[in-house]
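Down below is the structure, laid out as structure tokens.
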Amino acid sequence: MKTMGMSIVFLAVLMSGGATYAQMMDLGIKAGVNFGSLHSSSDAVRNVSGKRGLHVGFFARTGGDFYVQPEVNFSTLRATYSYGETPYAPTFRQLDVPLMAGYKIINNGSMNLRVSAGPAVALNLNSPLAPARTAYKRANVGGVLNAGVDVGRLTFDARYGFGLTTMHDRLEQKPRTFSLSLGFNIL
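Numbering (mature numbering (1 follows the signal peptide of the UniProt record, and there is no 0)) for the sequence shown: -21 to -1, 1 to 166.
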């Protein structure tokens, strides 16, 4: 009988912890605009200019004042540059997977002001035109810095993303993006 009582207490604690955990987890969708470019340290790459792209994805946020936020986003990164005398305007279709750790500076329930940062991996889903006998890499590792505001179920985010690895060895290009997004917490 004592064992059954302890089991009931144990299950009650587990269930209450699960309910608390569920209350501290947000799941949502987001979409927005990117402003990206491919910065290069190569003298052969000139006239680098960024272009507008779009992104759409999902996020999860778990924790309280300190939180973890993984995301999966489909995005486009567009840029223009010249290599030698030839102009290029690649458009990358990417699957971006950032994993951020953050802190809610203001956390009063209906309104949150938060900052976060973390690593990100971008997988290229296509192979844009590159200079002859060269190719862009299939993946890029980088980082993200994010600031956001939550009002009710709406989320607004401004993010700066930067490549830590090159997308193209010969061109020595690393992506940089600034993005704005609007999201909605489903849970």
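Just so you know, even glycine gets a beta-carbon here, dropped at the ideal spot from N, CA and C.
As the structure is a prediction and not an experimental result, all values here were calculated from the model.
If residue i and residue j are in contact, beta carbons under 8 Å, what's the gap, nearest whole angstrom?
{"i": "Arg93", "j": "Gly127", "result": "5 Å"}
{"i": "residue 177", "j": "Ala80", "result": "This structure cannot speak to residue 177, because the chain is shown only from -21 to 166."}
{"i": "Ala39", "j": "Pro49", "result": "6 Å"}
Take residue i and list the residues in its own chain whose beta-carbon comes closer than 6 Å to its own, dropping the five residues that flank it on each side.
{"i": "Ala1", "result": "Confidence in Ala1 is poor, its pLDDT being 48 and thus under 50, which makes the residue's placement too unreliable to answer from."}
{"i": "Leu159", "result": "Gly11, Val12 and Ala137"}
Go to residue i, then tell me how far its beta strand (DSSP E) extends in each direction, as first and last residue.
{"i": "Gly7", "result": "Met4 to Ser19"}
{"i": "Asn91", "result": "Met90 to Asn103"}
{"i": "Pro49", "result": "Phe45 to Tyr62"}
In or out: residue i buried (at least 16 other Cβ within 10 Å) or exposed?
{"i": "Met146", "result": "buried"}
{"i": "Asn52", "result": "buried"}
{"i": "Thr134", "result": "buried"}
{"i": "Arg138", "result": "buried"}
{"i": "Val123", "result": "buried"}
{"i": "Ser106", "result": "exposed"}
{"i": "Leu150", "result": "buried"}
Within a Cβ cutoff of 8 Å, which residues of the same chain sit near residue i, ignoring the five residues on either side of it in sequence?
{"i": "Thr65", "result": "Pro110"}
Going along the chain, which residues of its own chain have a beta-carbon closer than 7 Å to the beta-carbon of residue i, five neighbours each way excluded?
{"i": "Met3", "result": "Thr41, Gly42 and Gly43"}
Going by CA-CA distance only, name the one from the options that's closest to residue i.
{"i": "Asn164", "options": "Asn26, Tyr67, Ala96 and Met90", "result": "Met90"}
{"i": "Leu104", "options": "Pro77, Phe71, Val120 and Ser95", "result": "Phe71"}
{"i": "Lys116", "options": "Gly97, Gln152, Ala10 and Ser95", "result": "Gln152"}
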